[in-house]
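S.K.:
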Amino acid sequence: MPPASRSGPGGFRPPATAAGGGRRPRGGATRRVVEIQPIPAGRMLAVYLLLCAALVGLAGRLAWLQVVQTSELQARARAIQTHAVTPIGKRRTIVDRMGRLVALDEERYTLWAHPRYFNLPGDEPQQIRPPADVVRELSKVLARPPSDLLQTIGSRRSGVKLATGLDPETAHRVKELGISGLDLEAYPQRVYPQGSLFANVVGFLNLERVAQAGLEQSRDRDLRRQEVTLSMRRGADGTPLPDGLQAGALYGDDLRLQLTLDARLQQVAQQALTKQVKQWRAKQGAALVMNARNGEILALASTPTYDPNRFWSYSPALFREWSVQDLYEPGSTFKPINLALALQEKAIRPDEKVNDVGQLTIGGWPIFNHDRRANGLIDFPTVLQVSSNVGMVKAMSHVKRDRFWHWLRAFGIDEMPDTDLPGAVAGQLKSRSEFTSAPIEPAVAAFGQGFSLTPLKLLQLHGMLANGGRLVSPHITRGLRSGDALASATAATGVQLLDPAVTRTVVDWMETVVDNGSGKGMKIPGYRIAGKTGTAQKARNGVYIPGARICSFVAILPANDPSYVVLVVVDEPQGGNAYGSTVALPVARQIAEALLVIEKVPPSQPTARVTAKATRS
Numbered sequence: 143m144p145p146a147s148r149s150g151p152g153g154f155r156p157p158a159t160a161a162g163g164g165r166r167p168r169g170g171a172t173r174r175v176v177e178i179q180p181i182p183a184g185r186m187l188a189v190y191l192l193l194c195a196a197l198v199g200l201a202g203r204l205a206w207l208q209v210v211q212t213s214e215l216q217a218r219a220r221a222i223q224t225h226a227v228t229p230i231g232k233r234r235t236i237v238d239r240m241g242r243l244v245a246l247d248e249e250r251y252t253l254w255a256h257p258r259y260f261n262l263p264g265d266e267p268q269q270i271r272p273p274a275d276v277v278r279e280l281s282k283v284l285a286r287p288p289s290d291l292l293q294t295i296g297s298r299r300s301g302v303k304l305a306t307g308l309d310p311e312t313a314h315r316v317k318e319l320g321i322s323g324l325d326l327e328a329y330p331q332r333v334y335p336q337g338s339l340f341a342n343v344v345g346f347l348n349l350e351r352v353a354q355a356g357l358e359q360s361r362d363r364d365l366r367r368q369e370v371t372l373s374m375r376r377g378a379d380g381t382p383l384p385d386g387l388q389a390g391a392l393y394g395d396d397l398r399l400q401l402t403l404d405a406r407l408q409q410v411a412q413q414a415l416t417k418q419v420k421q422w423r424a425k426q427g428a429a430l431v432m433n434a435r436n437g438e439i440l441a442l443a444s445t446p447t448y449d450p451n452r453f454w455s456y457s458p459a460l461f462r463e464w465s466v467q468d469l470y471e472p473g474s475t476f477k478p479i480n481l482a483l484a485l486q487e488k489a490i491r492p493d494e495k496v497n498d499v500g501q502l503t504i505g506g507w508p509i510f511n512h513d514r515r516a517n518g519l520i521d522f523p524t525v526l527q528v529s530s531n532v533g534m535v536k537a538m539s540h541v542k543r544d545r546f547w548h549w550l551r552a553f554g555i556d557e558m559p560d561t562d563l564p565g566a567v568a569g570q571l572k573s574r575s576e577f578t579s580a581p582i583e584p585a586v587a588a589f590g591q592g593f594s595l596t597p598l599k600l601l602q603l604h605g606m607l608a609n610g611g612r613l614v615s616p617h618i619t620r621g622l623r624s625g626d627a628l629a630s631a632t633a634a635t636g637v638q639l640l641d642p643a644v645t646r647t648v649v650d651w652m653e654t655v656v657d658n659g660s661g662k663g664m665k666i667p668g669y670r671i672a673g674k675t676g677t678a679q680k681a682r683n684g685v686y687i688p689g690a691r692i693c694s695f696v697a698i699l700p701a702n703d704p705s706y707v708v709l710v711v712v713d714e715p716q717g718g719n720a721y722g723s724t725v726a727l728p729v730a731r732q733i734a735e736a737l738l739v740i741e742k743v744p745p746s747q748p749t750a751r752v753t754a755k756a757t758r759s
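Note that our numbering has the sequence shown beginning at 143, numbered continuously upward.
(1) If you run the structure through DSSP and keep just helix, strand and coil, what is Ile698?
(2) Sorted by chain position, which residues of the same chain lie with C-beta nearer than 6 Å to Trp549's C-beta, five sequence neighbours on each side aside?
(3) With DSSP as the reference, please indicate the residues paired to Asp713 in a beta bridge.
(4) Is Gln421 near the ligand MG - that is, is its Cβ less than 7 Å away from at least one heavy atom of it?
(5) Can you tell me whether Ser660 is buried or exposed? The criterion is at least 16 other CB atoms within 10 Å of its CB, across all chains shown.
(6) Counting C-beta neighbours from all protein chains within 10 Å, is the total for Lys282 16 or more, i.e. buried, or is it exposed?
(7) Can you tell me the Cβ-Cβ gap for Asp404 and Ala443, rounded? I've got them flagged as a contact below 8 Å.
(8) Quick one: what does DSSP say Ala146 is sitting in, helix, strand or coil?
(9) Out of curiosity, what's the CA-to-CA distance linking Arg514 and Pro616?
(10) Measuring only the C-alpha atoms, how far is Val210 from Ala196?
(11) Buried or exposed: where does Arg250 fall if 16 or more other Cβ atoms within 10 Å of its Cβ makes it buried?
(12) Does the separation of the CB atoms of Val711 and Pro597 fall below 8 Å?
(13) What residue does the beta strand (DSSP E) around Arg299 start on, and which one ends it?
(14) My output table needs one value for Gly163: the three-state DSSP class, helix, strand or coil.
(15) Could you compute how far the alpha carbon of Asp562 sits from the alpha carbon of Ile222?
(16) Just to confirm before moving on: does the CB-CB distance between Val277 and Leu292 stay below 8 Å?
(17) DSSP three-state call for His617: helix, strand or coil?
(18) So who's on the other strand from Asn261, going by DSSP bridges?
(19) For the region 472 to 481 and the region 569 to 577, state whether three or more C-beta atom pairs, one from each stretch, are separated by less than 8 Å.
(20) Check whether the region 255 to 274 touches the region 296 to 316, counting contact only when three or more Cβ pairs, one atom from each stretch, lie closer than 8 Å.
(21) Roughly how many angstroms lie between the CA atoms of Leu200 and Pro182, to the nearest whole one?
(22) Is it buried or exposed for Gln188, if we count other Cβ within 10 angstroms and need 16 for buried?
(23) If I measure Cβ to Cβ from Ala538 and keep anything under 7 Å in the same chain, skipping five residues before and after, which residues do I get?
(24) Is it true that the CB of Ile439 sits closer than 8 Å to the CB of Ile618?
(25) Thinking Ile504 and Pro581 are a contact (beta carbons under 8 Å), I'd like their distance in whole angstroms, please.
(26) Could you pull out every residue in the same chain whose Cβ sits closer than 6 Å to the Cβ of Glu714, ignoring the five residues on either side in sequence?
(27) Taking Ile687 as the reference, give the member of Ala678, Ser694, Phe695 with the closest Cα.
(28) Find out if the Cβ-Cβ distance for the pair Leu628, Gly241 is shorter than 8 Å.
(29) In terms of DSSP beta bridges, what is Ala672 paired with?
(30) Count the other C-beta atoms from every protein chain shown that fall within 10 angstroms of the C-beta of Lys193, then say buried if there are 16 or more, exposed otherwise.
(31) Is Glu741 helix, strand or coil by DSSP?
(32) Alpha carbon to alpha carbon, what distance is there between Leu603 and Ile698?
(33) Tell me whether Ser213 is buried or exposed, calling it buried when 16 or more other Cβ atoms sit within 10 Å of its Cβ.
(34) Using DSSP bridges, identify the partner residues of Thr677.
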């Protein structure tokens with residue numbers, strides 16, 4: 143029997159034998175020895191093949207992404223990295239000939255509110271403020287009572303239009319409030335700084351920014367900026383990257399449409415015309431100033447007019463410019479044109495005289511002077527001074543009827559004028575057979591009746607007398623210019639129709655009208671001025687309206703060096719003393735005085751001129 147084992151200090155315990163033999167480590171711990179079995183070769187091969195398959199699959203996936211799906215992935219990346227910049231559709235600016243603003247686009251803002259996201263600066267992100275807290279701050283900036291804003295919001299939770307037409311300064315103050323749930327939407331608004339001054343020419347845009355009248359409509363394509371949506375790549379921090387942008391893509395369109403009109407002269411014409419139309423209780427009036435050498439129109443005023451900034455407050459009948467769209471019989475203001483064509487045809491001589499007997503009968507129709515007086519044997523300057531109808535009929539009777547009609551056609555009476563003025567129309571002229579077969583037709587045409595034209599056309603024809611016989615194209619634009627650059631006046635152009643010597647003679651005759659005739663009120667000390675008054679009957683649908691008159695006055699200045707033509711036409715002035723010399727002439731004089739100063743025209747040198755006895759017209 144083996145001896146009993148002892149435990150405790152100094153005791154002895156027989157050593158345990160492990161599988162591989164060994165001794166128990168000190169401290170009583172048991173060390174376990176594990177025998178490692180070798181991995182079968184088949185299992186190693188399977189693992190290797192699995193890893194190879196994974197690498198092949200990864201390589202295939204990379205090849206698929208980089209070769210097959212390259213375009214698609216690049217497009218998706220571009221979409222994430224690219225920011226689209228959409229223009230807000232601004233139009234080009236319009237300026238007068240000196241660069242003064244006539245029409246421009248200003249940035250305005252619409253304020254939208256989304257009460258479901260209302261949050262004030264300093265609030266917790268998830269905190270939603272009641273509308274009352276927001277409108278309390280907002281009302282100070284918008285200058286509106288909080289109660290109005292609350293009523294506008296009501297119970298709606300999003301998409302509430304609180305205000306529109308906010309200027310950039312107000313919009314900036316709204317942004318500075320830092321209120322979440324407010325959205326500012328920018329849009330362009332067409333503004334006309336000159337108010338009604340150029341309304342008859344420039345026109346306006348409606349609330350949908352669709353051009354409705356004037357140059358805004360006729361030059362709509364030119365006034366639209368060449369803007370396109372830009373796709374701009376941005377870096378991770380939002381910095382714009384040049385990749386994909388063409389040179390100059392970030393530069394704005396700074397082209398401006400420059401007019402030939404002068405705001406200073408336009409204002410003088412508008413004020414003088416409005417005052418006179420009101421004084422004579424007239425239906426309407428127009429005043430035009432043209433550079434006779436190149437056809438540039440320096441002023442085109444009409445009344446009544448409207449404010450294009452508030453077009454909805456006015457009758458649509460005011461949106462058309464009647465001086466280029468309405469026809470009328472020019473009357474006595476056409477007499478110088480007829481005398482010029484008679485001289486050109488050599489049907490009359492400059493020193494010839496006619497016997498004014500006061501009344502004639504042509505084809506059974508009576509023709510008489512406006513005052514029914516006989517002026518006796520008079521020369522052609524006197525014919526213009528006293529505005530003799532009988533004298534004109536006798537003078538023009540020397541012109542063959544078909545030649546008379548030919549010249550009226552050559553002057554373009556019944557043709558659309560070559561002009562950039564919107565809405566211009568052709569005049570009306572009898573057919574050749576009707577004009578030549580009826581003796582009354584050339585007789586009444588001799589003193590400006592029986593055919594019709596626009597004030598614009600009459601201005602063009604008197605410009606022909608002033609510039610030596612050239613028929614120029616009246617126009618009001620100088621074209622598009624970049625930045626602050628301004629175009630200079632265009633060169634003299636036009637089709638030569640009359641001999642310069644002929645027109646010089648007629649202008650001298652017209653000068654006697656101002657010196658000694660019905661145009662005395664046009665005299666300006668130190669300047670030679672030619673002119674002609676006109677008081678014509680007004681016809682409608684071929685029938686003359688009893689008591690209705692159209693009073694006009696045309697001036698060429700300075701007469702010694704003809705450069706400008708001023709035409710004033712007043713429709714249906716009231717009163718027994720309503721004549722071209724009393725109604726239209728005072729307006730023309732005020733315009734001429736301003737024109738001489740603005741254009742810095744030097745005083746005329748005194749020279750011998752044709753004179754004749756003065757008689758009231």
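In this text, a Cβ means the ideal position worked out from N, Cα and C, and glycines have one as well.
M.R.: Let's see:
(1) strand
(2) Leu483
(3) Gln426, Ile692
(4) Because no ligand of any kind appears in the structure shown, any question about the ligand MG cannot be addressed here.
(5) buried
(6) exposed
(7) The Cβ separation is near 11 Å, so there is no contact.
(8) Any reading at Ala146 must be qualified, since the residue scores a pLDDT of 45, below 50, and its modelled position is unreliable; the value itself is stated next. Ala146: coil per DSSP, three-state reduction.
(9) 37 Å
(10) 20 Å
(11) buried
(12) yes
(13) Looking at the DSSP string, Arg299 is not in any beta strand (DSSP E), and its letter there is neither H nor E.
(14) A caution first: Gly163 carries a pLDDT of 47, below 50, which makes its placement in the model too unreliable to give a value.
(15) 49 Å
(16) yes
(17) strand
(18) Ser322
(19) no
(20) yes
(21) 28 Å
(22) Just to set this straight, residue 188 is Ala in the shown sequence, not Gln. Answer is exposed; the Cβ neighbour count stays below 16.
(23) Going by the sequence as given, residue 538 is Met instead of Ala. Result list for Met538: Asn480, Ala484, Phe546, Pro584, Ala588, in chain order.
(24) yes
(25) 5 Å
(26) Ala424, Lys425, Ala690
(27) Ala678
(28) yes
(29) Ile698
(30) Lys is not the amino acid found at residue 193; the sequence shown has Leu there. So Leu193 ends up on the exposed side.
(31) coil
(32) 12 Å
(33) exposed
(34) Cys693
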